[in-house]
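Some notes on the structure that comes next.
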Amino acid sequence: MSLNMLMDAIDGKKLMCPLCKKPVQKYEKFVEMTNNVWDGAGDSNRNEGTVGSKVTLICGNDKCDWRERTEYWKNYIE
Ligand SMILES: [Zn+2]
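Here the sequence shown is numbered in the working numbering, starting from 60 and rising by one per residue.
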């Protein structure tokens, strides 16, 4: 589900590179994280199936080599 959101954002050019302010072109190594590997600093509210995801975003626009491995990729969606 998160992956669909990510793909939609990239396809729709809504996921913006923070450096050049153009749409991010590519991503790689998307992983869903389960509670088992989520080190949410002991937050007990995360006990019922809350998951995150992590992805490497690659800008891919001319003259911009921004890339970032992040759990917070939703922050880049406008
Ligand atoms: Zn860029």
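Just so it is clear, CB atoms sit at the ideal spot from N, CA and C, and this is done for glycine as well. Values in this document were obtained by computation on a predicted structure and should not be read as measured data.
Residue interval of the beta strand (DSSP E) (run including residue i)
i: Leu65; result: From DSSP, Leu65 is part of no beta strand (DSSP E) but of the alpha helix (DSSP H) over 61-70.
Helix, strand or coil at residue i according to DSSP, with G and I counted as helix
i: Tyr135; result: helix
i: Glu130; result: coil
Environment of residue i [buried if 16+ CB atoms lie within 10 Å]
i: Pro77; result: exposed
i: Leu74; result: buried
i: Leu65; result: buried
C-beta contact flag for residue i and residue j at 9 Å
i: Gly111; j: Glu127; result: no
i: Glu130; j: Lys113; result: yes
i: Leu116; j: Val83; result: yes
i: Asn120; j: Cys79; result: yes
Residues that DSSP places opposite residue i in a beta bridge
i: Pro111; result: The residue you asked about is not Pro; residue 111 is Gly in the sequence shown. According to DSSP, Gly111 bridges with Met92.
i: Pro82; result: Met75
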